[in-house]
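>
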Amino acid sequence: MTDQLTTELPKAYEAHQVERKWYDYWMQQGYFTPKIDPAKKPFVIIQPPPNITGDLHLGHALTATLEDIMVRWHRMMGEPTLWLPGEDHAGIAAQVVVERALAKEGLTRQQIGREKFTERMWQWVNGCRANIGNQHKRLGVSCDWTRECFTLDPGPSRAVRTFFVRLYEKGLIYRGERIINWCARCSTALSDLEVEHEDVASHLWHLKYPLEDGDGFVIVATTRPETMLGDTAVAVNPADERYKGVIGKNVRLPLTERVIPIVGDASVSMEFGTGAVKVTPAHDPNDFETGMRHNLPIINILNNDVTINENGGKFAGMDRFAAREAVVAELESTGLLEKIEPHTHAVGHCQRCRTIIEPIARRQWFVKIAPLAEPAIAAVKDSSITILPERFNKVYLNWMENIRDWCISRQLWWGHRIPVWYCACGETIVAVDEPKVCPKCASEQLRQDPDVLDTWFSSGLWTHSTLGWPDNTPDLQYFYPTTVMETAYDILFFWVARMIMMGIENMQQPPFRYVYLHGLIRDEKGEKMSKTKGNAIDPLEMMQKYGTDALRFAIISGITPGNDSKLASTKLEAGRNFANKLWNAARFVLHYAGDSAVSTDINAAVPTIEDRWIISRLNTVIADTSVMMQRFEFGEALRVIHDFLWGEYCDWYIELSKTRFSDQSASSPLPVLVFVLDTSLRLLHPYMPFVTEELWQHLNKKLGLGLGDSIMVAPYPEITGQSPDTAAEGIINTLIEIVHTVRNTRAEYEVEQGRLIDASVYAGERAALLKPYAAALETLAKAKIAFAEKRDGEVPPQSLDIVLQSCELVIPMESMFDLRAEVERIAKEMAQAASEIERLEALLGDESFCGKAPAAVVQKQREKLSATCERLERLKEHNARLTA
RNA sequence: GGGCGGUUAGCUCAGUCGGUUAGAGCACCUGCUUUACACGCAGGGGGUCAUAGGUUCGAGUCCUAUACCGCCCACCA
1 MTDQLTTELP KAYEAHQVER KWYDYWMQQG YFTPKIDPAK KPFVIIQPPP
51 NITGDLHLGH ALTATLEDIM VRWHRMMGEP TLWLPGEDHA GIAAQVVVER
101 ALAKEGLTRQ QIGREKFTER MWQWVNGCRA NIGNQHKRLG VSCDWTRECF
151 TLDPGPSRAV RTFFVRLYEK GLIYRGERII NWCARCSTAL SDLEVEHEDV
201 ASHLWHLKYP LEDGDGFVIV ATTRPETMLG DTAVAVNPAD ERYKGVIGKN
251 VRLPLTERVI PIVGDASVSM EFGTGAVKVT PAHDPNDFET GMRHNLPIIN
301 ILNNDVTINE NGGKFAGMDR FAAREAVVAE LESTGLLEKI EPHTHAVGHC
351 QRCRTIIEPI ARRQWFVKIA PLAEPAIAAV KDSSITILPE RFNKVYLNWM
401 ENIRDWCISR QLWWGHRIPV WYCACGETIV AVDEPKVCPK CASEQLRQDP
451 DVLDTWFSSG LWTHSTLGWP DNTPDLQYFY PTTVMETAYD ILFFWVARMI
501 MMGIENMQQP PFRYVYLHGL IRDEKGEKMS KTKGNAIDPL EMMQKYGTDA
551 LRFAIISGIT PGNDSKLAST KLEAGRNFAN KLWNAARFVL HYAGDSAVST
601 DINAAVPTIE DRWIISRLNT VIADTSVMMQ RFEFGEALRV IHDFLWGEYC
651 DWYIELSKTR FSDQSASSPL PVLVFVLDTS LRLLHPYMPF VTEELWQHLN
701 KKLGLGLGDS IMVAPYPEIT GQSPDTAAEG IINTLIEIVH TVRNTRAEYE
751 VEQGRLIDAS VYAGERAALL KPYAAALETL AKAKIAFAEK RDGEVPPQSL
801 DIVLQSCELV IPMESMFDLR AEVERIAKEM AQAASEIERL EALLGDESFC
851 GKAPAAVVQK QREKLSATCE RLERLKEHNA RLTA
């Protein structure tokens with residue numbers, strides 16, 4: 001250990017000089033890996049695996065810090081603590097990143113082919129994972145790197161295939177033609193969650209469809225006129241009087257001249273548009289359902305690149321939006337466009353590339369989710385899982401209770417390949433391991449489904465696939481279910497909900513006890529940070545500039561569960577300043593301790609009142625922060641520790657200790673100074689691991705405390721002795737009040753800095769206990785104070801008599817300044833002020849001045865007058881007190 | 001259309017079970033080369049807790065409306 005510590009502490013804390021050193025030390029010692037102890041209940045967090053799409057951002061830093069706080073705290077409490085790190089292959093998001101890199105070389109993934117593309121993906125993964133790992137390490141995360149996982153590792157991949165096969169065998173995975181969300185840019189289907197709706201100002205086109213029998217028109221309203229090329233019916237509400245007679249008749253669909261029926265369907269709203277709706281089963285989820293009910297044909301009019309296909313007749317080959325214009329133009333020229341109304345509606349966009357989504361009926365793989373949702377709903381309702389903050393219960397339940405089947409197949413090249421093989425004989429084989437021959441016809445010509453699974457399909461298994469599932473490993477037995485799932489609220493549905501469903505399905509019990517949802521970090525203006533907007537704050541830069549502990553302080557302080565926060569540089573400065581404050585407090589202690597060993601047995605000597613006070617306060621802080629941390633109120637707990645260390649330990653206890661050091665006869669404050677510092681450092685360690693370790697090691701080593709090898713495995717503080725010590729707190733509060741009052745008075749009366757003020761304090765039975773602090777008061781308040789129980793007789797003339805909460809303070813004014821000189825000075829100043837007022841009044845009474853001078857100048861003189869009048873009043877009051 | 005959150009000092013935010021005089025950081029003003037720290041010390045100014053009602057001995061906190069800001073969900077074309 002000796003070589004780890006510099007002998008002389010520099011004047012300011014230099015974060016980057018100590019951080020790397022301690023992280024390496026912790027790693028070498030193997031502190032991050034828990035020991036399985038069947039007698040103890042473990043504390044477990046599975047880290048939300050960052051996407052391998054680039055650098056870590058502040059959101060990751062927040063996640064990592066919150067989890068590290070919990071993990072370090074529980075580890076110090078002696079619980080076997082596992083924090084399991086990993087990374088997510090991130091399906092579409094990562095594929096987009098590499099496709100962009102390819103595009104810079106003028107290539108597309110199609111040009112290089114699936115195999116080469118996958119190779120490129122793996123190259124990217126290897127670089128990116130190493131990078132993410134290093135960035136996490138800089139943040140100080142104490143996770144168990146020996147158990148690090150990647151979603152595409154063999155273990156988790158087998159878990160994915162196993163889960164797929166089991167669900168398929170239970171009939172909960174099926175393949176079918178349904179309306180899916182198609183992204184033309186990504187060329188894949190997406191789940192409903194991956195579509196982001198955004199209001200777009202558009203139009204409602206009213207189209208005239210001629211009745212086949214030549215007797216007028218039915219007018220339909222649509223926001224996507226080009227889809228009329230795929231219409232296979234018109235629907236009206238059977239209760240709608242306007243359309244009573246037309247149900248069962250046919251219309252001639254313009255442009256295509258197909259004859260399609262008019263059907264009655266109760267789902268049609270009579271209030272919206274014209275009450276008649278065109279039915280396009282291939283391109284609208286509603287219409288798809290209507291089509292099923294009425295047995296309508298499904299005519300898909302779009303190619304994968306969302307150009308119109310051969311079903312669109314002469315519009316074939318046109319882009320969807322060009323086709324829209326062309327269709328409208330042609331309808332207009334044939335008199336079949338009734339009108340165009342402005343209309344704002346929500347349009348779906350691809351979450352990853354912002355391309356407008358097209359609903360298309362396609363054959364895809366789906367999870368029948370309602371049976372999985374049912375126990376997941378129950379788990380939250382019966383509080384097997386507690387979601388924090390509580391309000392997200394409602395959000396969760398509302399989504400789960402209205403959940404729709406989940407489209408899990410993606411037409412991508414990056415991800416877990418769907419474990420399904422097809423044989424030319426028509427057989428479909430669903431298996432965990434690749435089949436060699438067709439079980440039906442023994443053919444070896446098997447073709448695997450080309451699609452991959454939604455990336456969240458594997459993420460959902462993460463709580464148990466990382467622990468060895470489907471094998472019943474010792475890790476799985478011991479660490480499942482995990483304790484806390486800590487993540488941002490924006491992936492409640494994507495991830496948390498699915499983990500709950502899959503965890504219960506596979507393990508028969510929920511995957512975690514608590515869900516703690518944190519908010520998003522925004523920039524100084526409150527805007528969401530993003531690389532494209534250029535307002536993203538890079539956590540690495542911040543750590544470089546302010547230190548890791550300062551960054552951790554900045555992102556934790558002032559936050560509350562589930563609420564967004566803003567990060568400004570002032571917060572980072574506050575964190576850095578706090579680290580430096582601690583650093584110097586420790587320097588003070590170490591300086592006075594010298595090189596000799598110090599006892600921290602605070603019961604060895606008779607404690608002074610301030611000793612009892614600081615220990616009582618420390619105990620209260622331990623008790624309060626313990627409750628707060630159990631409630632996940634880390635921002636508040638950090639503030640309490642900060643305020644104690646700065647506002648009580650440094651401002652008062654250290655200041656009081658100075659007089660004890662200078663007084664040979666006084667008892668040494670060192671045992672308590674060291675005890676409280678050691679305890680506070682341990683209390684703070686989960687929040688600011690580096691500076692606390694560095695200082696604790698100095699204390700431990702230099703003072704020969706024998707506390708252990710590292711603060712991170714030292715015990716988390718617990719209350720010692722009786723608490724609170726109200727008697728001691730009362731005395732010290734009185735002392736503090738006296739100091740504040742004298743300082744206020746000094747400032748108010750503009751007493752010169754060095755002048756020693758005389759005062760008497762009448763404090764009842766506390767007087768005797770306060771007396772020993774007379775020397776301290778001379779330093780802290782620059783006042784020579786005589787203590788007595790109570791005042792006998794009147795307050796002497798020309799004295800201030802100040803009644804405080806717990807005592808009375810009398811200050812003869814002649815001790816603050818030379819009375820006669822002060823009276824003279826006041827008289828002179830009063831005369832000056834009076835003549836100034838006279839002059840100003842005359843000036844302002846002069847009509848020619850007020851009339852001709854610029855308004856601003858007049859105003860200025862008026863302000864000067866009122867200020868001088870106020871000053872004169874104050875001088876008069878002062879004078880009255882002096883001559884009373 | 002449904003749901004949620006926010007509104008507290010100039011700024012960013014805390015505020016626990018409803019309980020004395022509503023807090024912090026930053027900014028601002030005044031004064032300090034006090035031998036741990038100027039990344040500091042001491043002192044100071046600054047609040048109708050969005051608005052209107054209500055419950056209560058007592059409301060920033062609970063209830064009911066309203067306004068503004070933000071977010072989530074949603075297949076009326």
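Residue 1 is where the first sequence starts when you use this note's numbering, and the numbers rise one by one after that. For every residue, glycine included, the Cβ atom is placed at its ideal position computed from N, Cα and C.
Between ASP651 and LYS581, what straight-line distance do the alpha-carbon atoms span, to the nearest angstrom?
The residue you call residue 651 lines up with position 651 of the first sequence. The residue you call residue 581 lines up with position 581 of the first sequence. Looking at the two C-alpha atoms, the distance is approximately 11 Å.
> Any idea what DSSP makes of TRP414, helix, strand or coil?
Stepping through the first sequence from its first residue, residue 414 is reached at position 414. Coil, per DSSP.
> From ARG252 to GLY313, what does the alpha carbon distance come to, in whole angstroms?
Taking the first residue of the first sequence as 1, we reach residue 252 at position 252. Taking the first residue of the first sequence as 1, we reach residue 313 at position 313. Spanning the two alpha carbons is a distance of roughly 15 Å.
> Does PHE272 pass the burial test, meaning 16 or more other C-beta atoms within 10 Å, or should it be called exposed?
The residue labelled residue 272 in the question sits at position 272 within the first sequence. Burial call: exposed.
> Assuming ALA597 is part of the beta strand (DSSP E), what are its boundary residues?
Along the first sequence, one-based indexing puts residue 597 at 597. No beta strand (DSSP E) holds ALA597; DSSP gives it neither H nor E.
> Identify the continuous beta strand (DSSP E) that holds GLY348 and give its terminal residues.
Within the first sequence, the letter at position 348 stands for residue 348. Counting along the chain, the beta strand (DSSP E) containing GLY348 begins and ends at 337-350.
> In whole angstroms, what is the alpha-carbon distance linking ASP231 and GLY275?
For the purposes of this step, residue 231 is taken as residue 231 along the first sequence, with counting starting at 1. For the purposes of this step, residue 275 is taken as residue 275 along the first sequence, with counting starting at 1. Each residue's Cα considered, the two are about 16 Å apart.
> If we count Cβ pairs, one from each stretch, closer than 8 Å, do we get three or more for the stretch 37-49 versus the stretch 60-74?
Touching, yes, given that three or more Cβ pairs across the two stretches are closer than 8 Å.
> Output needed for ALA783: all residues of its chain with C-beta closer than 6 Å, excluding positions within five of it in sequence on either side, in chain order.
As a first step, residue 783 must be located in the first sequence, where it is residue number 783. The answer, listed in chain order, is VAL742, ILE757, ALA759, LEU777.
> First and last residue of the beta strand (DSSP E) that includes LEU800?
By one-based count along the first sequence, residue 800 stands at place 800. Start and end: 799-803.
> Taking the alpha helix (DSSP H) that PHE479 falls in, what are its first and last residues?
On the first sequence, position 479 is the one that residue 479 refers to. Counting along the chain, the alpha helix (DSSP H) containing PHE479 begins and ends at 474-479.
> GLU99 and ARG114 - do their beta-carbons sit closer together than 7 Å?
The residue you call residue 114 lines up with position 114 of the first sequence. The residue you call residue 99 lines up with position 99 of the first sequence. No, these two residues do not count as a Cβ contact at 7 Å.
> Among GLU226, GLU257, ARG258, ILE262, which one has its Cα closest to the Cα of TYR243?
For this step, residue 243 is matched to residue 243 along the first sequence. The shortest C-alpha separation from TYR243 is found at ILE262.
> Who are the Cβ neighbours of VAL380 in its own chain at under 7 Å, not counting the five residues just before and after it?
On the first sequence, residue 380 is found 380 positions in, with the first residue counted as 1. The answer, listed in chain order, is ILE387, ASN393, TYR396, LEU397.
> Below 7 Å between beta carbons: does that hold for VAL589 and HIS416?
The residue given as residue 589 occupies position 589 in the first sequence. The residue given as residue 416 occupies position 416 in the first sequence. Contact flag unset, no.
> Are the CB atoms of PHE493 and TRP456 within a distance shorter than 7 Å?
Working through the first sequence from its first residue, we reach residue 456 at position 456. Working through the first sequence from its first residue, we reach residue 493 at position 493. For TRP456 and PHE493, no; Cβs fall outside 7 Å.
> Where do the N-terminal and C-terminal ends of the alpha helix (DSSP H) with PRO375 fall, by residue?
For the purposes of this step, residue 375 is taken as the residue at position 375 of the first sequence. Looking at the DSSP string, the run of the alpha helix (DSSP H) that includes PRO375 is 370-381.
> Given that a residue counts as buried once 16 or more other Cβ atoms are within 10 Å of its Cβ, and exposed if not, what is MET1?
Residue mapping note: residue 1 aligns to position 1 of the first sequence, counting from 1. Note on MET1: pLDDT 38, under 50, position unreliable in the model; no value is reported.
> For ARG825, count neighbouring C-beta atoms within 10 Å of its own C-beta (all shown protein chains included) and say buried if the count is 16 or more, exposed if not.
Against the first sequence, residue 825 aligns to sequence position 825. Result: exposed.
> Determine the direct distance from the alpha carbon of PRO671 to that of LYS701, and round the result to whole angstroms.
Locating residue 701 in the first sequence gives position 701, counting from the first residue. Locating residue 671 in the first sequence gives position 671, counting from the first residue. Roughly 15 Å separates the two Cα atoms.
> Quick one: give me the first and last residue of the alpha helix (DSSP H) that ASP624 is part of.
In the first sequence, counting from the first residue as 1, residue 624 sits at position 624. Segment 609-630, the alpha helix (DSSP H) holding ASP624.
> For ALA550, which of TYR13, GLU8, LEU9 has the nearest alpha-carbon?
Start at 1 with the first residue of the first sequence, and residue 550 comes out as number 550. Taking only the C-alpha atoms, the option nearest ALA550 is TYR13.
> According to the neighbour-count rule (16 or more other Cβ atoms, all chains shown, within 10 Å of its Cβ), is ASN506 buried or exposed?
Locating residue 506 in the first sequence gives position 506, where the first residue counts as 1. Counting Cβ neighbours within 10 Å, ASN506 comes out buried, since at least 16 surround it.
> What did DSSP end up calling GLY176 once you bin it into helix, strand or coil?
Mapped onto the first sequence, residue 176 falls at position 176. Of the three classes helix, strand and coil, the one that applies to GLY176 here is strand, per DSSP.
> ARG258: which of GLU694, PHE217, LEU229, ASP68 sits nearest, CA to CA?
As a working mapping, residue 258 is identified with position 258 in the first sequence. Taking only the C-alpha atoms, the option nearest ARG258 is LEU229.
> Would you call CYS425 buried or exposed, if buried means 16 or more other Cβ atoms sit within 10 Å of its Cβ?
As a first step, residue 425 must be located in the first sequence, where it is residue number 425. By the 10 Å Cβ count, CYS425 comes out exposed.
> Cβ of ILE785 within 7 Å of Cβ of LEU800?
The residue given as residue 785 occupies position 785 in the first sequence. The residue given as residue 800 occupies position 800 in the first sequence. No.
> Since I believe ALA488 is in contact with LYS520 (beta carbons under 8 Å), could you give me their beta-carbon distance rounded to a whole number of angstroms?
As a first step, residue 520 must be located in the first sequence, where it is residue number 520. As a first step, residue 488 must be located in the first sequence, where it is residue number 488. For clarity, residue 520 is Leu in the given sequence; the question names Lys instead. Confirmed, Cβ separation roughly 6 Å.
> Contact defined as beta carbons within less than 8 Å: I believe PRO481 pairs with ARG513. What is the distance between those atoms, to the nearest angstrom?
Counting from one through the first sequence, the residue named residue 481 turns up at place 481. Counting from one through the first sequence, the residue named residue 513 turns up at place 513. About 7 Å; that satisfies the 8 Å criterion.
> Where are the alpha helix (DSSP H) runs, 4 residues long or more, that stay fully inside the stretch 832-872, in chain order?
For the stretch 832-872, whole alpha helix (DSSP H) runs of length 4 or above, ordered along the chain, are 847-852.
> Going by DSSP, name the residue or residues bridged to MET485.
For the purposes of this step, residue 485 is taken as the residue at position 485 of the first sequence. VAL515, per the DSSP bridge assignment.
> Thinking C-beta only, is GLU177 closer than 7 Å to ALA361?
Here residue 361 refers to the residue found at position 361 when the first sequence is read from its first residue. Here residue 177 refers to the residue found at position 177 when the first sequence is read from its first residue. Yes. Within cutoff.
> Can you check whether the CB of CYS407 is closer than 7 Å to the CB of SER569?
Translated into the one-based positions of the first sequence, residue 569 becomes position 569. Translated into the one-based positions of the first sequence, residue 407 becomes position 407. No.
> Under DSSP, the beta strand (DSSP E) around ILE46 begins and ends at which residues?
Within the first sequence, numbered from 1, the residue matching residue 46 stands at position 46. 43-46 is the extent of the beta strand (DSSP E) around ILE46.
> Would the stretch 123-137 and the stretch 211-219 be scored as touching if the rule is three or more Cβ pairs under 8 Å?
No, because fewer than three Cβ pairs between the stretch 123-137 and the stretch 211-219 fall closer than 8 Å, the two stretches do not touch.
> Taking the straight line between their C-alpha atoms, what separation do you get for THR779 and THR659?
As a working note, residue 779 is residue 779 in the first sequence. As a working note, residue 659 is residue 659 in the first sequence. Approximately 8 Å, taken between the alpha carbons.
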